[in-house]
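Count along the sequence shown from 1, then add 647; that gives the number in this note's numbering.
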Amino acid sequence: MTKKNQAPIDDVSIGGEMIRLGQFLKFAGLLDSGGMVKEAIADGDVTVNGEVDLRRGRQLVAGDVVGFEGRRARVSP
């Protein structure tokens, strides 16, 4: 069941099995630069599967959902 105020989830194919959170944020177009990624993660503005994650190097796998400023993207192989 989804909440009515949540944004739709965009599927983003990473062409492999895993990707780091910082890389995925740029790859999915949620953020434009490494500096912006570092700041957003450190400030607690990024969620993984609905929970704040402060680890830029966190390994994401297919099915993980990353959120930032109301946008959401799901890792797809």
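Glycine included, C-beta positions come from ideal geometry on N, C-alpha and C.
Classification of residue 711 by the beta-carbon crowding that lies within 10 angstroms, buried from 16 upward: Result: buried.
Look up residue 684 in the DSSP assignment and give the residues it is bridged to. Beta-bridge partners assigned by DSSP to residue 684: none are found.
Using 8 Å as the threshold, is the C-beta distance between residue 678 and residue 715 below it? Yes. Within cutoff.
Helix, strand or coil: which one does DSSP assign to residue 706? Taken through DSSP and simplified to helix, strand or coil, residue 706 comes out as strand.
Nearest by alpha-carbon distance to residue 660: which of 670, 675, 700, 653 is it? When only C-alpha atoms are compared, the closest one is 675.
My assumption, with CB atoms under 8 Å, is that residue 721 sits in contact with residue 656. Please give the rounded CB distance. With a Cβ gap of about 5 Å, residue 721 and residue 656 count as contacting.
Between 707, 718, 685, which has its C-alpha nearest residue 724's C-alpha? Looking at the Cα atoms, 707 is the closest of the given residues.
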